[in-house]
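Asker: As numbered in this note's numbering, residues 32 to 123 make up the sequence shown, in order. Virtual Cβ for every residue (Gly too), placed ideally from N, Cα, C. Here the structure is a predicted model, which is why all the values come from computation and not from measurement. Below is the structure I would like to discuss, written out as C-alpha cells.
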Amino acid sequence: MDHALDNRLERRLDRRASRRTSVLFGATVVAALAASPFFVLYELLLGAGGLAGTALLPRRFRDGTAGMTATVIFAGILAGSLPYLVAAPFLF
Numbered sequence: 032m033d034h035a036l037d038n039r040l041e042r043r044l045d046r047r048a049s050r051r052t053s054v055l056f057g058a059t060v061v062a063a064l065a066a067s068p069f070f071v072l073y074e075l076l077l078g079a080g081g082l083a084g085t086a087l088l089p090r091r092f093r094d095g096t097a098g099m100t101a102t103v104i105f106a107g108i109l110a111g112s113l114p115y116l117v118a119a120p121f122l123f
C-alpha cells in the first residue's frame, strides 16, 4: 500500500516539475525573442556556450535541480535567437 502511495506522489511531483520546466522554457524563449533583434549574436553564443557548459558540469550538479534549471534557461536563450538567425539572410 505504501509503495502505491509513493508512486502516485512521485508521479505528481514529476508532473509539477515538468510543468514548471515548460513555463521556465517558454518565459526564457519569449524574453530572448524580445531582446534578439539587438543581441542575437550574443544570445547565440551565450545559449550554445551555456548548453555546452552544463553538459560538462560534474554529474552531481547536472542531475540536480540547479543543473536542470541552467540547461532549460540556456536552451530557451538559444531557441529564442534561432528565428532571427534564420530570417537574417532574407532581410539583409
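Could you check how far apart the C-beta atoms of residue 82 and residue 105 are, in whole angstroms? I think they sit under 8 Å.
Answerer: Walking along the sequence shown from the start, residue 82 turns up at place 51. Walking along the sequence shown from the start, residue 105 turns up at place 74. Contact holds; Cβ gap of about 5 Å.
Asker: For the alpha helix (DSSP H) that residue 95 lies in, which residues bound it at each end?
Answerer: For the purposes of this step, residue 95 is taken as the residue at position 64 of the sequence shown. Note, residue 95: premise wrong, no alpha helix (DSSP H); not H, not E.
Asker: For residue 112, is the classification buried or exposed, using 16 other Cβ atoms within 10 angstroms of its Cβ as the cut-off for buried?
Answerer: The sequence position of residue 112 within the sequence shown is 81, counting from 1. Looking at its Cβ environment, which holds 16 or more other Cβ atoms inside 10 Å, residue 112 is buried.
Asker: Does residue 88 come out as helix, strand or coil in the three-state DSSP assignment?
Answerer: By one-based count along the sequence shown, residue 88 stands at place 57. Three-state DSSP puts residue 88 in coil, outside helix and strand.
Asker: Could you say which of 107, 119, 121 and 120 lies nearest to residue 55 if we only look at CA atoms?
Answerer: Counting from 1 along the sequence shown, the entry for residue 55 is found at position 24. Among 107, 119, 121 and 120, the Cα nearest to that of residue 55 is on 107.
Asker: Less than 7 Å separating the beta-carbons of residue 85 and residue 110?
Answerer: Here residue 85 is taken as the residue at index 54 of the sequence shown, counted from 1. Here residue 110 is taken as the residue at index 79 of the sequence shown, counted from 1. No, the Cβ-Cβ distance between residue 85 and residue 110 is not below 7 Å.
Asker: Would you check if the distance between the CB atom of residue 117 and the CB atom of residue 52 is smaller than 7 Å?
Answerer: One-based indexing of the sequence shown puts residue 117 at position 86. One-based indexing of the sequence shown puts residue 52 at position 21. The answer is no: Cβ separation not under 7 Å.
Asker: According to the neighbour-count rule (16 or more other Cβ atoms, all chains shown, within 10 Å of its Cβ), is residue 59 buried or exposed?
Answerer: Mapped onto the sequence shown, residue 59 falls at position 28. So residue 59 ends up on the buried side.
Asker: For residue 97, count neighbouring Cβ atoms within 10 angstroms of its own Cβ and tell me buried if that reaches 16, exposed if not.
Answerer: In the sequence shown, the residue the question calls residue 97 occupies position 66. Its Cβ having fewer than 16 others within 10 Å, residue 97 is exposed.
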